[in-house]
Amino acid sequence: MDNLRPILYLTLVFLLFLIWQAWRVDYGPQPEFSPDRSDAAHQEAGERRDDMPDAPDSEARDAPMEADAITGIERQQIRVVTDTLDLLIDTRGGDLVRADLPSYPVSLREPDNPVRLLDERTRDYVAQSGLIHDRVPNVEHAGRAPSHHAIFRAEQTEFRMEDGQDELRVPLTWESEDGIRVTKTYTFRRGDFLVDVSHQVENMSDQPWTGRQYRQLRHGPTPDRDSWFLYTFTGAAYYDGRYEKERFEDLAEDVRERNITEGWIAVIQHYFLSTWVPFDDEVNLLYTREVTSGGQPQYIIGLRSEPVTIEPGGQGELNSRIWIGPKAQQPLSEIRDGLELTVDYGIFTVLSAPLFWLLRVIHDFVGNWGWAIIILTLLIKLVFYKLSATSYRSMAKMRAVQPKMMALKERFGDDKQRMNQALMELYKKEKINPLGGCLPILVQIPVFIALYWVLLESVELRQAPWILWIQDLSVRDPYFVLPLLMGASMIAQYKLNPAPMDPVQQKIMMALPIIFTVFFAFFPAGLVLYWLSNNLLSIAQQYYITRNIEAAMVKPGGSPPKGSRGKQDDDDSAGDSGTDSADASATSPGQADSEAASETRAESPAEPEAKADDQTDEAPSQPPKAQTTKSAQNKGGAGKGSRRKRPRGGKSRK
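Start counting the sequence shown at 1; every next residue gets the next number (full-length UniProt numbering).
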């Protein structure tokens with residue numbers, strides 16, 4: 001039974017190693033957070049030809065570009081600045097080709113270097129939308145709808161949301177040769193990462209116009225990950241009543257098309273995402289495909305609406321929305337069902353989701369994520385208080401009978417079977433659960449891992465400060481103070497626990513605080529703070545219970561008198577010696593002599609004093625054999641009953 005605690009700790013060490021590997025990847029250099037800020041021109045911008053929905057024919061696909069080339073409209077980039085976003089819109093297609101998040105710096109050391117979510121120049125990650133005529137790939141109709149190849153006109157090259165302004169509209173216009181006029185409008189709102197995108201169509205031709213709106217996200221190959229194990233998912237995702245994730249490379253192998261209702265598509269990465277969200281009750285065709293740009297693969301996931309017909313002289317509007325920002329669970333859940341699932345806790349969602357919810361509730365009261373973690377730890381300890389108390393009682397009792405356990409070890413030597421049998425009898429007599437000490441570890445492991453995923457996936461805790469030198473709970477302690485304190489707390493816990501009987505296990509348990517300190521030195525500070533807080537609360541609870549249990553085992557119902565602990569242990573040893581003698585008398589004479597000799601060798605130096613006390617208590621008229629028989633009858637209670645109840649005819653010590 002003593003083997004279980006080291007095994008559980010070693011298992012936790014292995015899990016920590018896996019998580020540490022994931023942490024190295026998650027917090028290592030990531031191309032999407034370190035974009036090239038140069039102003040170099042797009043080298044192949046004019047040559048890129050990616051697929052348009054239902055337009056596999058290259059001639060039809062290029063037709064809008066040729067028509068726009070004839071009009072001589074100059075391609076431009078429009079900058080849009082709000083309180084939450086800093087964007088570039090390319091008039092070619094009216095696409096979002098760059099998106100910076102000023103309120104989310106790459107690191108605290110670079111507050112002026114925002115996270116870049118969309119970027120056409122580095123990873124070729126853009127959000128595209130457009131219209132496609134319902135008769136494409138018929139070339140004569142290809143120029144009647146502006147795809148993401150068409151060139152739009154803009155009234156100005158920069159739009160800014162001024163102080164006191166709650167909404168900003170950015171209109172782009174396009175007109176065909178036969179009188180189809182399209183106004184593509186982006187609408188931004190203060191404090192929001194959700195952007196409305198509308199296509200208003202005016203049919204000034206003499207023929208009905210039928211077309212569809214499509215929205216798609218295009219991404220290059222996934223950045224290489226230097227890890228053998230887990231990593232934060234970067235790829236495509238969609239929802240149609242069920243949340244699905246796809247690696248970009250799998251989109252090429254498993255091209256799909258199917259209708260979805262009230263669904264959405266997204267490209268997700270660590271802490272952030274871009275997602276096209278249609279309006280309610282809208283049926284869309286989900287499609288995926290792979291195209292080639294500049295010799296490199298590009299992966300597309302998109303949605304295409306149902307057709308809309310506009311009669312000559314009429315007008316119509318096709319609308320959609322795009323979120324470009326953090327994976328913030330509360331606002332995402334209010335936009336569309338399933339969007340909060342992009343904060344992916346994996347198999348630990350059942351624990352991580354309620355943990356984060358509780359953390360957020362606590363944070364709303366205290367206003368600090370570090371204190372919220374400490375209060376959460378306290379609440380978890382309260383929930384499992386009785387379970388931990390039962391465990392600590394077993395450990396305290398086991399520590400109190402440690403001298404008896406060592407005596408059994410010396411008595412039986414290498415006879416493991418008999419020693420284990422004797423240990424189980426001792427546990428039963430003292431009402432000790434040998435597995436009780438493992439319960440706190442078993443409780444901590446899933447909570448620990450669940451909280452790790454909360455810190456890893458929840459953008460709310462990204463760059464969240466605590467106090468003093470801890471300014472980011474999602475990264476390691478810069479001065480390693482918390483890991484060192486955590487290691488010291490583990491040493492204190494080790495001192496409170498009963499020492500394993502196996503010397504090898506003792507060495508393992510002594511080495512574990514050092515191993516944990518090294519591992520935790522590179523873990524997020526919030527995780528180390530949780531473990532340290534849990535250890536300190538456990539030490540306080542265990543010390544209180546251990547002190548009371550040891551006092552109760554010495555003198556039930558009161559505090560132990562000074563020096564009574566040693567007296568109690570001696571009396572227990574004497575009682576056990578009597579029990580062993582009785583057991584020996586039931587065996588063969590040779591075996592009895594052998595065991596008696598072993599028992600004599602196993603006596604501790606304190607036994608002569610105990611024997612002297614017992615001899616003083618004995619009645620002169622009682623023969624030694626009767627005394628031995630009486631001790632055997634009192635097996636399991638010699639330490640207590642032998643002092644309260646004396647044999648008949650004996651004299652009590654005054």
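Idealized CB from N, CA, C, for every residue including glycine.
Boundaries of the alpha helix (DSSP H) in which residue i is found, first to last residue
i      : result
Val361 : 349-366
Those residues which DSSP pairs with residue i across a bridge
i           : result
Arg160      : Val81
Pro105      : Pro114
Lys245      : Ala237
Val170      : Tyr186
Ile132      : Arg212
Phe448      : Paired residues: none, contrary to the question.
Glu120      : Bridge partners of Glu120: none, in fact.
Ile151      : Arg92
residue 659 : The first residue shown for the chain is 1 and the last is 654, placing residue 659 beyond what the model contains.
residue 729 : Nothing in the structure corresponds to residue 729, since the chain is present only between 1 and 654.
Tyr125      : Asp119
Arg218      : Val126, Ile300
Span separating the alpha-carbon of residue i from that of residue j
i           : j      : result
Glu457      : Phe272 : 9 Å
residue 696 : Thr82  : The structure shown does not extend to residue 696, since the chain spans only 1 to 654, so no value can be given for it.
Val481      : Ile508 : 24 Å
Ala422      : Lys416 : 10 Å
Leu351      : Leu87  : 37 Å
Thr309      : Thr210 : 4 Å
Tyr239      : Ile515 : 43 Å
Val283      : Tyr214 : 12 Å
Leu168      : Arg92  : 21 Å
Glu317      : Gly164 : 29 Å
Asn535      : Lys428 : 29 Å
Leu347      : Glu306 : The question names Leu, but residue 347 in the sequence shown is Ile. Ile347 and Glu306: Cα-Cα distance of roughly 37 Å.
Leu408      : Leu355 : 46 Å
residue 662 : Ile324 : The structure shown does not extend to residue 662, since the chain is modelled only from 1 to 654, so the question has no answer here.
Asn548      : Met419 : 29 Å
Ser391      : Val447 : 18 Å
Arg218      : Tyr299 : 6 Å
Ile467      : Gly370 : 8 Å
Gly313      : Ser205 : 7 Å
Ala237      : Leu117 : 16 Å
Leu461      : Phe279 : 30 Å
Gln315      : Lys327 : 36 Å
Ala99       : Val267 : 14 Å
Tyr543      : Ile375 : 21 Å
Trp174      : Pro102 : 31 Å
Arg247      : Phe233 : 8 Å
Gly172      : Gly302 : Here residue 172 turns out to be Leu, not Gly, going by the sequence shown. Computed Cα separation, rounded: 22 Å.
Leu332      : Leu339 : 5 Å
Gly295      : Pro478 : 43 Å
His149      : Tyr287 : 19 Å
Endpoints, beta strand (DSSP E) assigned at residue i
i      : result
Lys184 : 180-189
Thr288 : 283-293
Val459 : Looking at the DSSP string, Val459 is not in any beta strand (DSSP E), and its letter there is neither H nor E.
Ile265 : 264-269
Leu194 : 194-203
Leu376 : Where Leu376 is concerned, there is no enclosing beta strand (DSSP E), although the alpha helix (DSSP H) it sits in stretches over 369-383.
Phe272 : 272-277
Contacting residues, own chain, Cβ-Cβ under 6 Å from residue i (five flanking each side not counted)
i      : result
Val170 : Val80, Phe159, Tyr186
Pro465 : Gln471
Ile78  : Ile89, Ala154, Thr157
Arg144 : His133, Ser176, Ile180
Leu537 : Lys381
Arg336 : Trp264, Val277
Glu110 : none
Asp196 : Thr187, Arg321
Pro513 : Gly487, Met490, Ile491
Arg189 : Glu167
Close Cβ partners of residue i (< 8 Å) along its chain, the five nearest in sequence each way excluded
i      : result
Val443 : Phe384, Leu387, Ser388
Ile539 : Ser489, Ala492, Gln493, Leu496
Gly191 : Asp83, Thr84
Cβ-based neighbour list, residue i, same chain, cut-off 7 Å, excluding 5 preceding and 5 following
i      : result
Gln485 : At residue 485 the sequence reads Leu, which differs from the Gln that was named. Closer than 7 Å at the Cβ level, and outside the excluded window around Leu485, lie Leu532.
Asn113 : Pro105, Val106
Ala372 : Leu359, Ile362, His363, Val366
Residue i: CB within 7 Å of a non-hydrogen atom of the ligand SAH
i     : result
Thr91 : Only the bare structure without any ligand can be found here, which leaves the ligand SAH out of the picture.
Can you give, in chain order, each stretch of the alpha helix (DSSP H) that sits fully within the region 295-345 and has at least 4 residues?
-> 329-335
Runs of alpha helix (DSSP H) lying entirely within the region 471-518, each at least 4 residues, in chain order = 481-496
Please list the segments of the alpha helix (DSSP H) lying wholly inside the region 401-433, counting only runs of 4 or more residues, in order along the chain.
-> 402-412, 416-430
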